[in-house]
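One structure below.
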Amino acid sequence: MVATDMQCIVNDIGRIVIPAKLRKKFDINEESTVEIYVQDGTIRMQKMKPACILCNTSESLHKFKGKTLCKACLDDLINC
Ligand SMILES: [Zn+2]
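In this note's numbering, the protein residues as written are 46 to 125.
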């Protein structure tokens, strides 16, 4: 683990702000999805790779009405 000496305050509904320096370093923006999990007694977070919402592949991705779909699933939907 790498110490960052960054701290953030949890607000009254449990939200925290990821420091801008870390958002930039890990290319986290307002559309990013992060996974939060517990490991070895600590809360950890990692950016999720974009993936198709139907088959979970991360190849040939396209946005459709705000959702991420792969070309194969998009083609299947068009041909339904
Ligand atoms: Zn797919």
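Ideal Cβ placement from N, Cα and C applies to all residues, glycine included.
- In this structure, the beta-carbon distance from C97 to L122 does not fall below 8 Å.
- The set of residues with CB atoms less than 7 Å from any heavy atom of ligand 1 reads, in chain order, C97, L99, C100, T102, L114, C115, A117, C118.
- Counted as a single uninterrupted DSSP element, the alpha helix (DSSP H) harbouring C118 occupies residues 116–123.
- The beta carbons of F71 and K92 sit closer together than 8 Å.
- A direct Cα-to-Cα measurement between N74 and I88 gives close to 21 Å.
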